[in-house]
């Protein structure tokens with residue numbers, strides 16, 4: 001029987017109706033949230049700043065594959081947490097008259113240590129400069145069997161391939177980056193923008209190149 005592609009978000013596997021047992025599909029049953037560069041699945045609350053890593057977050061539900069597109073709730077913004085600021089005391093003279101404050105002790109009535117002096121910007125800069133991590137040695141290139149199945153990490157591809165079949169036009173992908181602004185999402189490379197997340201996932205790739213199994217390596221056109 002001919003295989004078709006599963007339409008559940010987070011699955012994208014090929015299946016046939018005669019080989020579709022319960023639990024064969026792993027997917028997300030709720031839409032994503034986007035806010036200030038953060039991407040989050042509203043069903044399992046898992047999040048990432050990197051869009052490629054966000055799409056690789058495994059689904060949190062299991063079931064059967066389906067060819068019907070799921071009806072997802074509209075993506076909502078992640079609400080900002082309110083920031084509270086200490087309210088200065090209206091009566092400054094009471095702090096001056098307080099015996100504990102004048103002696104330099106902590107006073108619960110008038111805030112923090114009276115004689116505590118903030119660090120200067122120069123000393124803070126010197127301390128931060130001492131925390132510079134040591135450079136890591138370059139990662140050795142992995143030798144891969146040309147017949148070993150690999151998964152392409154180029155944005156918009158995700159197909160399985162073998163290195164022996166890889167060539168300059170084997171992959172269709174988006175060089176990116178993805179753009180998320182308010183309720184509009186799209187790709188900067190091909191200047192296509194839509195409102196719904198499933199429509200965004202269906203935007204056809206605009207560039208041909210080599211399959212790339214390493215997300216840290218730039219794709220080759």
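In the numbering used here, the protein residues as written are 1 to 221.
The beta carbon of each residue, even a glycine, is placed where N, CA and C say it ideally should be.
- request: Have a look at the DSSP bridge pairing and note the partners of residue 63.
  value: Residue mapping note: residue 63 aligns to position 63 of the chain shown, counting from 1. Looking at the DSSP assignment, residue 63 forms a beta bridge with 25.
- prompt: Is the beta carbon of residue 208 less than 8 Å from the beta carbon of residue 151?
  reply: Residue numbering aside, residue 208 sits at position 208 when the chain shown is read from its first letter. Residue numbering aside, residue 151 sits at position 151 when the chain shown is read from its first letter. With respect to residue 151, residue 208 sits apart: the two C-beta atoms are not nearer than 8 Å.
- prompt: Does DSSP classify residue 17 as helix, strand or coil?
  reply: For this step, residue 17 is matched to residue 17 along the chain shown. Coil, per DSSP.
Rounded C-alpha distance that separates residue 63 from residue 144: Within the chain shown, residue 63 is the residue found at index 63, counting from 1. Within the chain shown, residue 144 is the residue found at index 144, counting from 1. Taking the straight line from one Cα to the other gives about 34 Å.
- prompt: Do residue 60 and residue 43 have their CB atoms nearer than 8 Å?
  reply: By one-based count along the chain shown, residue 60 stands at place 60. By one-based count along the chain shown, residue 43 stands at place 43. For the pair residue 60 and residue 43, the CB atoms are nearer than the 8 Å cut-off.
Top-ranked residue by Cα proximity to residue 199, from 211, 28, 69 and 57: As a working note, residue 199 is residue 199 in the chain shown. Taking only the C-alpha atoms, the option nearest residue 199 is 69.
- prompt: For residue 184, which beta-bridge partners are listed by DSSP?
  reply: The residue given as residue 184 occupies position 184 in the chain shown. Partner(s): 181.
Span of the beta strand (DSSP E) around residue 38: Here residue 38 refers to the residue found at position 38 when the chain shown is read from its first residue. Looking at the DSSP string, the run of the beta strand (DSSP E) that includes residue 38 is 38-41.
task: May I ask you to report which of helix, strand or coil DSSP gives residue 33?
output: Numbered from its first residue, the chain shown carries residue 33 at position 33. DSSP places residue 33 in strand when its eight states are reduced to three.
task: Could you round the C-beta distance between residue 159 and residue 176 to whole angstroms and report it? I think they count as a contact, below 8 Å.
output: As a working note, residue 159 is residue 159 in the chain shown. As a working note, residue 176 is residue 176 in the chain shown. Not a contact, Cβ separation roughly 17 Å.
message: Buried or exposed, going by whether 16 or more other CB atoms sit within 10 Å of the CB of residue 5?
response: On the chain shown, position 5 is the one that residue 5 refers to. When all chains shown are included, residue 5 counts as exposed.
query: Based on the DSSP secondary-structure assignment, which residues constitute the bridge partners of residue 149?
result: Counting from one through the chain shown, the residue named residue 149 turns up at place 149. Residue pairing from DSSP places residue 149 in a beta bridge opposite 162.
- request: Give a yes or no on whether the C-beta atoms belonging to residue 47 and residue 40 are separated by under 8 Å.
  value: Along the chain shown, one-based indexing puts residue 47 at 47. Along the chain shown, one-based indexing puts residue 40 at 40. A contact, by the Cβ cut-off of 8 Å.
task: Run the CB neighbour count on residue 195, radius 10 Å, all protein chains shown included, and call it buried at 16 or more, exposed below.
output: The count along the chain shown starts at 1 and reaches residue 195 at position 195. Exposed: under 16 other Cβ atoms inside 10 Å.
- prompt: Under a three-way DSSP split, which group does residue 202 fall into?
  reply: The count along the chain shown starts at 1 and reaches residue 202 at position 202. Looking at residue 202 - three-state DSSP - the assignment turns out to be coil, as it is neither helix nor strand.
- request: Give me whichever residues DSSP pairs with residue 10 in a beta bridge.
  value: For the purposes of this step, residue 10 is taken as the residue at position 10 of the chain shown. In DSSP, residue 10 forms no bridge with anything.
message: If the criterion is Cβ atoms closer than 8 Å, does the pair residue 17 and residue 1 meet it?
response: Taking the first residue of the chain shown as 1, we reach residue 17 at position 17. Taking the first residue of the chain shown as 1, we reach residue 1 at position 1. Cβ distance < 8 Å, so residue 17 and residue 1 count as in contact.
- request: Kindly indicate which residue of 212, 21 and 178 has the alpha-carbon position closest to the one of residue 203.
  value: Position 203 of the chain shown holds residue 203. If we check each option's Cα against that of residue 203, 178 comes out closest.
- request: Counting only the same chain and skipping the five closest in sequence on each side, list residues whose C-beta sits under 6 Å from that of residue 117.
  value: By 1-based counting over the chain shown, the position of residue 117 is 117. With a pLDDT of only 48 at residue 117, under the threshold of 50, the placement of this residue in the model should not be trusted; the figure read from the coordinates follows. Excluding its 5 nearest sequence neighbours in each direction, residue 117 has no C-beta neighbour in its own chain below 6 Å.
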